[in-house]
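See structure below.
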Amino acid sequence: MHTLFDNAVQSLQLGIEDYEANDSKRALSAVRNFYAGVLLLAKEVLIRAAPNAKPKDVIGARYKPVPDGKGGIDFASGIQTIDFNELGERFTAFHIKIDHAALKDLNRIRNDMEHLYTQANQQTVREAMAKAFPVVVDLFRQIGEEPHALLGDSWTAMLNVKELYDRELKQCTETFDGVDWKSQALSEASRPCPKCGSHLVYRLDQSRNESGFADAQCRQCGEKIDAIMLMETALEAHFEYESHSSVKDGGEAPLGMCPECGTKTYICWEEENQCVNCFLQLEGCERCGESLTPNNVSDDSSSLCAYCAYKMSKDD
Ligand SMILES: [Zn+2]
Ligand SMILES: [Zn+2]
Ligand SMILES: [Zn+2]
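For the sequence shown, my numbering begins at 3 and goes up steadily by one.
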């Protein structure tokens, strides 16, 4: 009776089949099918959470008020249903827990695959599936279904994909052991490839532990990543959420352009106030005492705020 649920299981299985074909022509299809399966599964979770509602009302994306002919209104839902972007919000509204960061990641991977499908290969697909794996497990658990019973061989294949990816990721991550980042944020940040977003990035020269020598390469797309680019990309991803909310709520941005070295590696977050590339630490403005950040510092002097620098130039 659960037609949507059946479709979800079938889509996941088709995605795994495409992946196992190990044919670059089927790489995009693998991710499309697999992610369609994840999305359907999530919709099933929502539908089961409101068993007396009409499914199309639960998963509809756009509602518009239409007159009901009796002086009131009805909400007509379009044929469109929610996508990865809207899924998180709907889960929150239904008070169902879901990993929002993971969902966002899936949405990004899905979009990247559409744009970069020419570069897609079995490894990119593996990473896409491995990232989705915990979400899939969680969704099955939410509705009390057994994934291994439903997915059969595909479940074993999914486990293998996840295990293989985790092993590769561990090998890559370990190459950064011992790097002296001199920064809490940077040592906690993950290090995605600036070109393809893969986390299978490894350090090239492991004999020097200074962060400035942490040049790396992406195992997925082969991109060479110099240490500065590596740090910029890592911090941008690490502070993505905080940067977004600082723009929305008008707070201080956690990450800024360093006035000294010109890279986007200046951290103003919790205890940290420094550039992690050149290690400049902005202090108070020499004239008015206001604490300086990349946002208010003068372009000409890293010891004056922009306002005071302007004032002083007019006094001259
Ligand atoms: Zn890459
Ligand atoms: Zn700097
Ligand atoms: Zn000042």
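Don't be surprised by glycine CBs; every beta carbon is placed ideally from N, CA and C.
Quick caveat: nothing in here was measured; it's all calculated off a predicted structure.
Please confirm whether any heavy atom of ligand 1 lies closer than 6 Å to the CB of Q15. Remark: the C-beta of Q15 is outside contact range of ligand 1, defined as less than 6 Å to any heavy atom.
Residue nearest to A10 in terms of C-alpha spacing, selected from E147, I75, A132, L118: The shortest CA-to-CA distance from A10 to any of E147, I75, A132, L118 is the one to E147.
Residue range of the unbroken alpha helix (DSSP H) whose run includes Q144: Here the alpha helix (DSSP H) through Q144 covers 124-144.
Going by the C-beta, is N279 closer than 6 Å to any heavy atom of ligand 2? Checking the Cβ of N279 against ligand 2 gives yes.
Within the present structure, is the beta-carbon of S200 separated from the nearest heavy atom of ligand 1 by less than 6 Å? S200 Cβ: within cutoff of ligand 1.
C82 vs Q222 beta-carbon contact at 7 Å: The sequence given here has Gln at residue 82, not Cys. Cβ distance not < 7 Å, so Q82 and Q222 don't count as in contact.
Give, in chain order, every unbroken run of the alpha helix (DSSP H) that is at least 4 residues long and sits entirely within the region 92-122. 102-117, all fully within the region 92-122.
Using the three-state DSSP reduction, which class does C310 fall into: helix, strand or coil? In the three-state reduction of the DSSP assignment, C310 falls in the helix class.
Are the beta-carbon atoms belonging to A29 and A122 less than 7 Å from one another? Going by C-beta atoms, A29 is nearer than 7 Å to A122.
List the endpoints of the continuous beta strand (DSSP E) containing K68. The question names Lys, yet the displayed sequence has Val at residue 68. Residues 65-69.
In three-state terms, what does DSSP make of G258? Correct three-state label for G258: strand.
Are the CB atoms of E46 and F7 nearer to each other than 7 Å? The answer is yes: Cβ separation under 7 Å.
Going by the beta-carbon positions, is the gap between A134 and L108 smaller than 7 Å? Taking the C-beta atoms as reference points, L108 is found nearer than 7 Å to A134.
Counting Cβ pairs, one atom from each stretch, are 3 or more of them under 8 Å apart for the region 81-100 and the region 39-56? Contact between the region 81-100 and the region 39-56 is present: 3 or more CB-CB pairs across the two stretches fall below 8 Å.
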